[in-house]
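In the numbering used here, the protein residues as written are 1056 to 1480.
The beta-carbon is built from N, C-alpha and C at its ideal position, and this holds for glycine as well.
Have a look at the structure below, then the notes.
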Ligand SMILES: *Cc1c(COP(=O)(O)O)cnc(C)c1O
């Protein structure tokens, strides 16, 4: 299951089987893409959580998890927006909707396949590697949770001031090593990079890791097998845009499947003003993000409603990245104000009783604006990717356990100092 070849999108060649765990092509600077042996998708509901889509995940074995997107319609929201064929795909915590993602966001869809792929790599190549993740937000929590539930080792690197925001719903064991850096997020990334230079530690790979992209792609798979066809439009809030790439790649596979239609859904990717680098570059018809696309980033980043959407170096211009995805489907970018996002969150909570992640509220606000402006045909099929939410219920239903800090390090901690801290871990 999940058998695949890796194709380099820049050079067009298929990598040799021995390179199947690589994150980058040795010869070209584009993304790699999985081409699965299964041309048709067989859903396997007997497998846990998102692993029901294992045919199109780059893993040999499922891991135990309940995390899986859920697709449903909301008659009240359809009426409000005048869109009878609106479908919501939610990945968060709402047992009432049948969704049980314990850390509340679609980052868990990336974490489990990534860990499963790493475990297979160790089994095939020998030598266990420890994954290193720099994130104080949803990604950090998702990997902490997945590592805790599977017993796999994981190093988390976060800015010191955010260390308290990392929690899991089962107490983290000794297999999680949380390192706090006395600096900002960029310092945490640099520290994580230094840790990855130590033998035995590897980066999770971000958008370059097909396990992360195809894990996120299960959102569109879930939507399409539920609806029975590809949607005309897909709305998502983006920071890195990896979810947009994932939706595009999943759509290409579903077209290849043959049962769900032959047209790519138009991606509507939303950013949150005032930090909108991809929206700005797109409006200027550029493949590259320039400094002028994010003026005063130090001021605009802390000013957004949805902090997870503030990525300064998204995989936008890279071959096979966000620019190519949006161009190929004839989609576009938009931006949403803080007040519209907050309003959208309130409307959604009133109707569906879920407190949305601020980023999911941005996506919903983008859909509302597009509907108001008449950009969507009344009978078009629309998928709204609600990427997270249900945090209040998580606290009540499950409880949140802070991940304990193992060590606070300075921004200049060298690889040798970090190695000493990680010795015996
Ligand atoms: C990370 C994240 C996003 C943005 O996802 P990308 O596709 O990586 O840009 C949106 N919503 C939530 C809740 C997230 O955690």
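| Item | Value |
| --- | --- |
| Segment contact, 8 Å Cβ cut-off, at least three pairs: the stretch 1107-1121 with the stretch 1151-1167 | yes |
| Cβ-based neighbour list, residue 1500, same chain, cut-off 6 Å, excluding 5 preceding and 5 following | No information on residue 1500 is available, as it lies outside the stretch 1056 to 1480 that the chain covers here. |
| Rounded C-alpha distance that separates residue 1103 from residue 1302 | 22 Å |
| Proximity of residue 1374 and residue 1064 at Cβ, strictly below 7 Å | yes |
| Delimiting residues of the beta strand (DSSP E) encompassing residue 1126 | 1125-1127 |
| Residue burial classification, residue 1203 (beta-carbon count within 10 angstroms, cutoff 16) | buried |
| Near ligand 3: residue 1412 beta-carbon under 6 Å from a heavy atom | For ligand 3, the structure offers nothing, since it holds only ligand 1. |
| Candidates 1291, 1183, 1247 and 1126: closest to residue 1396 by CA position | 1291 |
| Residues that DSSP places opposite residue 1321 in a beta bridge | 1288 |
| Local conformation of residue 1214 per DSSP, three classes | strand |
| Cutoff 6 Å; reference residue 1091; Cβ partners in own chain excluding five residues on either side | 1059 and 1111 |
| Residue 1107 - DSSP class collapsed to helix/strand/coil | helix |
| One or two residues paired with residue 1090 in a DSSP bridge | 1060 |
| Beta-carbon proximity check, residue 1146 vs residue 1113, cutoff 7 Å | no |
| Residue 1363 CB to nearest heavy atom of ligand 1 below 6 Å | yes |
| Per DSSP, the bridge partner or partners of residue 1462 | 1234 |
| Segments assigned alpha helix (DSSP H), at least 4 residues, entirely inside the stretch 1222-1268 | 1240-1251 |
| Beta-bridge partners of residue 1069, as assigned by DSSP | 1062 |
| For residue 1395, three-class secondary structure by DSSP | helix |
| Closer than 6 Å: residue 1481 CB and nearest ligand 1 heavy atom | No answer is possible for residue 1481: the residues shown for the chain start at 1056 and end at 1480. |
| C-beta atoms of residue 1446 and residue 1413 nearer than 7 Å | no |
| Boundaries of the beta strand (DSSP E) in which residue 1186 is found, first to last residue | 1185-1189 |
| Check: residue 1296 C-beta below 6 Å from any heavy atom of ligand 1 | yes |
| DSSP three-state assignment for residue 1193, whether helix, strand or coil | helix |
| The alpha helix (DSSP H) enclosing residue 1144, as first and last residue numbers | That residue, residue 1144, is in no alpha helix (DSSP H); its beta strand (DSSP E) goes 1141-1145. |
| Proximity below 7 Å, CB of residue 1222 to CB of residue 1448 | no |
| Supposed contact pair residue 1257 and residue 1315 - C-beta distance, whole angstroms, cut 8 Å | About 35 Å; that fails the 8 Å criterion. |
| Contact test: residue 1230 Cβ vs ligand 1 heavy atom, cutoff 6 Å | no |
| Member of 1237, 1267 and 1401 whose CA lies at the smallest distance from the CA of residue 1299 | 1267 |
| Per DSSP, the bridge partner or partners of residue 1326 | 1390 |
| Residue 1155 - partner residues in DSSP beta bridges | 1148 |
| Distance cut-off 6 Å: residue 1193 Cβ against heavy atoms of ligand 1 | yes |
| Reduced DSSP category for residue 1456 - H, G, I as helix; E, B as strand; rest coil | strand |
| Near ligand 1: residue 1246 beta-carbon under 6 Å from a heavy atom | no |
| Three or more C-beta pairs below 8 Å linking the stretch 1321-1330 and the stretch 1382-1391 | yes |
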